[in-house]
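> If you're matching positions, the sequence shown starts at 821 in the working numbering and goes up one per residue.
Each residue gets a CB set at the ideal place from its N, CA and C atoms; glycine is no exception.
After the structure tokens below, expect a handful of questions from me.
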Amino acid sequence: MQGIIHISDIRKSYYMGTQSLEVLKGLNLDIYKNEYVALMGPSGSGKSTLMNILGCLDSPTSGTYILNNQDVSKMDDAALAQVRNKEIGFVFQQFNLLPRLSAVDNVALPLVYAGIAKKQRREMAMAVLEKVGLGNRSHHKPNEMSGGQIQRVAIARALVNSPAIILADEPTGNLDSKTSVEIMDLFSAIQEAGNTVVLVTHEEDIAGYAKRVIRLRDGMVESDQTQESRKHAHVHE
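Written as structure tokens, this is what we have:
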């Protein structure tokens, strides 16, 4: 069965003058609807490159990437931007909120690009802010909120378009451990509500929230384990 994310023989090379560096080396991967997956790997493993391809921020050199039944591997930049806005909700380590806008206006931004009317935008943005526990902070600007609250706003912005996948890159990287737990509990609730979550992290305890952990090394999948098989492996160690 083909996943909501289907990657077949994906290769990615970067060229510096006459030198070519292959970062992804024929990757095959399926991620299914409503899965919660963590991507891990040491520096240089290709995980950031893979995340950029999954997020339609970059295209593979060769191979096929099918996202929600659309072949995005050969799309031009304009088509990729459309897919990105419709199908992918991004959550970044740096939050990437606009400082001059209130929480509700930051959350509504993807809906502006989608051409949705202002009244409906505000209603949809308020609904997701309520979902992440920030309905009472809707008119606050980023500098009036804590790091954890800002990340919740960023998560609400990622959810507002009802995307096919939520793609989170080191989402707890700038947070203390207590706030990190709260944010990871929120991702678990988002996945349990029916969303597909793909998390990029280098922290084992953060990856432990996911139901499946895929480890990359040298541009290839080194291991792909579900939560159950990880527990089983620990019992036998």
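Considering only residues of the same chain and omitting the five flanking positions on each side of residue 845, which have a CB-CB separation below 6 Å?
Position 25 of the sequence shown holds residue 845. The residues are 1039, 1040.
> Can you tell me which of the three DSSP states residue 1023 falls into?
On the sequence shown, residue 1023 is found 203 positions in, with the first residue counted as 1. Three-state result, residue 1023: coil.
> Where DSSP assigns a beta bridge to residue 910, which residues make up the other side?
Mapped onto the sequence shown, residue 910 falls at position 90. According to DSSP, residue 910 bridges with 987.
> Residue 972 lies in the beta strand (DSSP E); which residues open and close that run?
Within the sequence shown, numbered from 1, the residue matching residue 972 stands at position 152. Counting along the chain, residue 972 falls outside any beta strand (DSSP E), though it belongs to the alpha helix (DSSP H) covering 967-979.
> Check whether chain B comes within 8 Å of residue 883, counting only Cβ atoms and requiring the distance to be less than that.
Going by chain labels, chain B is absent from the structure shown, which holds only one protein chain.
> Please name the residue in 930, 1033, 982 whose C-alpha comes closest to that of residue 1014.
Here residue 1014 refers to the residue found at position 194 when the sequence shown is read from its first residue. The residue with the shortest Cα to Cα distance from residue 1014 is 982.
> Tell me which residues share the same chain as residue 967 and place their Cβ nearer than 7 Å to its Cβ, disregarding the 5 neighbours each side in the sequence.
For the purposes of this step, residue 967 is taken as residue 147 along the sequence shown, with counting starting at 1. Hits under 7 Å: 994, 995, 999.
> Spell out a yes or no on whether the segment 945-952 and the segment 918-930 are touching, meaning 3 or more CB-CB pairs, one atom from each, closer than 8 Å.
Between the segment 945-952 and the segment 918-930, the count of Cβ pairs shorter than 8 Å is three or higher; the stretches touch.
> Would you tell me roughly how many angstroms separate the C-alpha atoms of residue 933 and residue 826, rounded to the nearest one?
To locate residue 933, count along the sequence shown from 1; it is residue 113. To locate residue 826, count along the sequence shown from 1; it is residue 6. Each residue's Cα considered, the two are about 26 Å apart.
> If you drop the 5 nearest sequence neighbours on each side, which residues of the same chain put their C-beta closer than 7 Å to that of residue 960?
Within the sequence shown, the letter at position 140 stands for residue 960. Answer for residue 960: 922, 923, listed in chain order.
> My assumption, with CB atoms under 8 Å, is that residue 859 sits in contact with residue 1034. Please give the rounded CB distance.
As a first step, residue 859 is located in the sequence shown; it is residue number 39 there, counting from the start. As a first step, residue 1034 is located in the sequence shown; it is residue number 214 there, counting from the start. 5 Å between Cβ atoms; contact.
> Is the beta carbon of residue 909 closer than 8 Å to that of residue 979?
Walking along the sequence shown from the start, residue 979 turns up at place 159. Walking along the sequence shown from the start, residue 909 turns up at place 89. Closer than 8 Å, so yes.
> Mind reading off the beta-carbon distance from residue 963 to residue 991? Whole number of angstroms is fine, and I expect it under 8 Å.
Here residue 963 refers to the residue found at position 143 when the sequence shown is read from its first residue. Here residue 991 refers to the residue found at position 171 when the sequence shown is read from its first residue. Incorrect: roughly 20 Å between the Cβ atoms, too far for contact.
> In the DSSP output, which residue or residues are listed as bridge partners for residue 1040?
As a working mapping, residue 1040 is identified with position 220 in the sequence shown. DSSP output for residue 1040 lists 1037 as bridge partner(s).
> Hey, residue 821 and residue 987: beta-carbon distance below 8 Å or not?
Within the sequence shown, numbered from 1, the residue matching residue 821 stands at position 1. Within the sequence shown, numbered from 1, the residue matching residue 987 stands at position 167. No, these two residues do not count as a Cβ contact at 8 Å.
> Does the segment 883-894 come within contact of the segment 825-842, defined as at least 3 CB pairs closer than 8 Å?
yes
> For residue 984, count the other beta carbons within 10 Å of its own beta carbon; 16 or more makes it buried, fewer makes it exposed. Which is it?
As a working mapping, residue 984 is identified with position 164 in the sequence shown. Buried.
> Between residue 869 and residue 953, what straight-line distance do the alpha-carbon atoms span, to the nearest angstrom?
For the purposes of this step, residue 869 is taken as residue 49 along the sequence shown, with counting starting at 1. For the purposes of this step, residue 953 is taken as residue 133 along the sequence shown, with counting starting at 1. Taking the straight line from one Cα to the other gives about 33 Å.
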